[in-house]
Structure formats: structure tokens, C-alpha cells
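Residue numbers (the working numbering): 46 to 149.
No residue lacks a Cβ here, since even glycine has one placed at the ideal position from N, Cα and C.
A quick write-up on the structure given underneath.
In C-alpha cells:
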């Protein structure tokens with residue numbers, strides 16, 4: 046059976062330090078220096094653009110829906126006016142109103 050006489054490297058840095066280098070540093074008392082190479086991001090992350098794009102998209106959809114509603118209302122008004130004009134004068138309670146008259 047194998048018994049552990051030496052201490053293994055700490056768990057969080059195990060993948061970064063070779064075991065023999067760690068044991069040598071532990072035996073000699075030399076400090077272990079860990080150099081981490083990273084690059085700083087040069088631009089803004091994409092999530093910073095998500096909120097303005099969502100607001101702009103909602104505004105565009107709102108404008109589109111408003112224009113569509115106005116066009117539907119205008120279409121309904123034109124169809125109503127054409128229906129009344131085709132039927133002749135409009136009478137309500139004995140009062141006759143001629144909306145569209147011929148110019149003869």
C-alpha cells in the first residue's frame with residue numbers, strides 16, 4: 046500500500062503548478078511564484094448594448110403599431126363614408142341629412 050509522505054499542492058492551484066516544482070519549493074523553503082497571463086478586454090461587453098437595443102426595438106414596434114392602427118381607422122372611416130354616400134341621405138328621427146350631393 047502506498048502511503049503519502051509528502052504533501053500535495055493545494056487543490057485550487059494544482060492544475061497550475063507542477064507537483065515536482067511545488068515539492069522542490071516546499072523542501073527548500075523557496076517561495077512559489079505564480080504568473081498569470083491575462084489580457085484586458087479592449088471594448089465594452091455585448092450585454093452593455095442589450096438594454097438600449099431592447100428599448101429601441103420596443104419603440105420601433107410601438108411606432109409601427111400606432112401607424113397600423115391609424116391606417117386601419119382611416120380605412121374604416123373611408124368605408125363608412127362610402128357606404129353612407131351609396132345609401133343616399135341619412136335620416137334620423139325625421140331629420141334628413143344629405144352628406145354627399147350630386148352637382149347637377
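Applying the 10 Å Cβ sphere with the 16-neighbour rule, what's the burial state of residue 66? With fewer than 16 neighbouring CB atoms inside 10 Å of its own CB, residue 66 falls in the exposed class.
Thinking residue 70 and residue 77 are a contact (beta carbons under 8 Å), I'd like their distance in whole angstroms, please. With 8 Å as the limit, residue 70 and residue 77 qualify as a contact, their Cβ atoms being about 5 Å apart.
Name the DSSP beta bridge partners of residue 137, please? Beta-bridge partners assigned by DSSP to residue 137: 140.
Look at the alpha carbon of residue 117 and the alpha carbon of residue 86, and state the distance between them as a whole number of angstroms. So the two alpha carbons sit approximately 50 Å from each other.
For residue 112, the three-state DSSP class (helix, strand or coil): Residue 112 sits in a helix when the DSSP states are folded into three classes.
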